[in-house]
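In mature numbering (1 follows the signal peptide of the UniProt record, and there is no 0), the protein residues as written are -25 to -1, 1 to 521.
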């Protein structure tokens, strides 16, 4: 492997390829196009009948007169190809895709004949690009393989094209493709390699390559769910002198937008757009984006998420290059904002007023009526049982009610506690004080966001509405206090979607507002885990059964 890598590096250096693509026909053409597009809104689609033909279309756009080097990757799975975009840009090469480890599509063979390369670089081991495919490729040019025993080692091998003292290195999760590909355009633009992390750390090959590269800056792509703090700690331990920056958003679209707006500035006339639903078109587009000096943004099939639209506007993009056919990115998708489904949490959230938090002046718990009163006009009201017991009867499993209470008072039961994800035992008079009934939208928070303006009866209903009430661990409820989603979320991440969904439902029902920070926090939770979640309309308590 070392000899192959050294040979490729020597070849690339000899023909003047290992450098950020600052000269050459492709870049000159890109610069001329940029001058024209500065005042003209235009869209150009680079596509073919499938992902293999789309990669060929990108290659034709990028290298109309041929290319010295071509990078080839498997187009059916992403692992070995993740680091290939920046490498192709560094070599001044297009990326072409094959449809199986054993064959090369005819359209790709035709493009290889047109390009007439002097070297072909394949990414990944024989399970990705097998001997049969290499034999076909070898008819066009000598083949060099950059590979390791897994995706992480392959990325490290690809990064051997860079030398010690590389200014910047990007690190992305190797378990999924979106962050690595969107970040790959930025890495290519900055002449940086991409290394991959596991779910918890860096492999030995990655650590060794990071040490050799010895960067002054490491850019982490994606949030903590993608690249956790344990990985960042390992990076810091491996290259203690490097600064570490994270570019992340609530989802793949927001992360791509965050990368674009952090690496590029206003006046960036051109941008490339690819579907966020699969990797192939974006992979082929990274070298083209790098040649144009442009970011790569992700869109849905029929529309652009809000973060993509915002980044496009912030950068001042006037020329859009769309990667892939209409089945991947529909006509007009890059200029059509995605609308959340009617009745979804995001749709309802977007209809809430956004204001600052009003002063807490005048707040008193008594302004929301007697605690847990049954004299309310909400579900469970006026049923002869107090609100606290209504909620306990709803939320406890294996419930036993106290005899002689007309089926009202919860005596014992198990609580699947939502904030922690733990199972808690409730026994009246023994453990009951450790289980609280939480107002998901706290009373004082409501007071500062519109409850001052509703009637006393409405406030009493608000304080006893089962839509706004969960039985929870007392300690975590005290920790939450009167915080909103911007200041506190349940430690149990699996319940966060439900938690913020009920908060939005309650605020909509009682005509309360949200702060901008609160709206941003809720949007992050929902877009990251449950983008189409419906707004809850009730959380009914069970009827009394004497």
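Glycine residues also receive a C-beta, built at the ideal position from the N, C-alpha and C atoms.
A distance below 6 Å between beta-carbons, with the five flanking residues on each side excluded, links residue 424 to the following residues of its chain, in chain order: 487, 488.
Residue ranges of uninterrupted alpha helix (DSSP H) with 4 or more members, entirely inside the segment 78 to 118 and ordered along the chain, are 81 to 90, 106 to 113. The beta carbons of residue 476 and residue 508 sit closer together than 8 Å.
Exposed is the label assigned to residue 520, since fewer than 16 other Cβ atoms lie within 10 Å of its Cβ.
Put simply, of 467, 273, 394 the residue whose alpha carbon is nearest the alpha carbon of residue 152 is 273.
In this structure, the alpha-carbon of residue 162 lies about 28 Å from that of residue 302. Nearest to residue 483 by C-alpha distance, out of 353, 328, 504, is 328. The segment 130 to 147 and the segment 161 to 181 touch, with three or more beta-carbon pairs separated by less than 8 Å. Going by DSSP, residue 221 is part of the beta strand (DSSP E) stretching over 218 to 222. Assigned with DSSP and collapsed to three states, residue 497 falls in helix. Annotation for residue 299: 22, 29, 249, 250, 256 place their beta carbon closer than 7 Å to its own, counting only its chain and skipping 5 residues before and after. In this structure, DSSP gives residue 35 a helical state, which the three-state scheme calls helix. Shown here, residue 445 sits in a strand according to DSSP, grouped into three states. Note: residue 413 is bridge-paired with 445 in the DSSP secondary-structure output.
Residue 154 places its beta carbon 8 Å or farther from that of residue 185. Pairing residue 111 with residue 46, the inter-Cα distance amounts to about 14 Å. The closest CA to that of residue 373, considering only 385, 356, 362, 365, is found on 385.
Rounded to whole angstroms, the separation of the alpha carbons of residue 350 and residue 436 is 9 Å.
With a cutoff of 8 Å on beta-carbon distance, residue 352 and residue 441 are scored as not near each other. For residue 439, the enclosing alpha helix (DSSP H) begins and ends at 431 to 439. Within the segment 224 to 290, the complete alpha helix (DSSP H) segments at least 4 residues long are 227 to 238, 255 to 267, 281 to 290, listed from N- to C-terminus.
Apart from sequence neighbours up to five positions away, the residues of its chain that approach residue 457 with a beta-carbon distance below 8 Å are 417, 418, 419, 420, ordered along the chain.
Counting along the chain, the unbroken alpha helix (DSSP H) around residue 159 starts and ends at 153 to 164. In its chain, beyond the 5 residues on either side, 488 have a beta carbon closer than 6 Å to the beta carbon of residue 330.
The alpha-carbon separation between residue 258 and residue 212 amounts to approximately 31 Å. Annotated as proximal: residue 246 and residue 287, with beta-carbon spacing under 8 Å.
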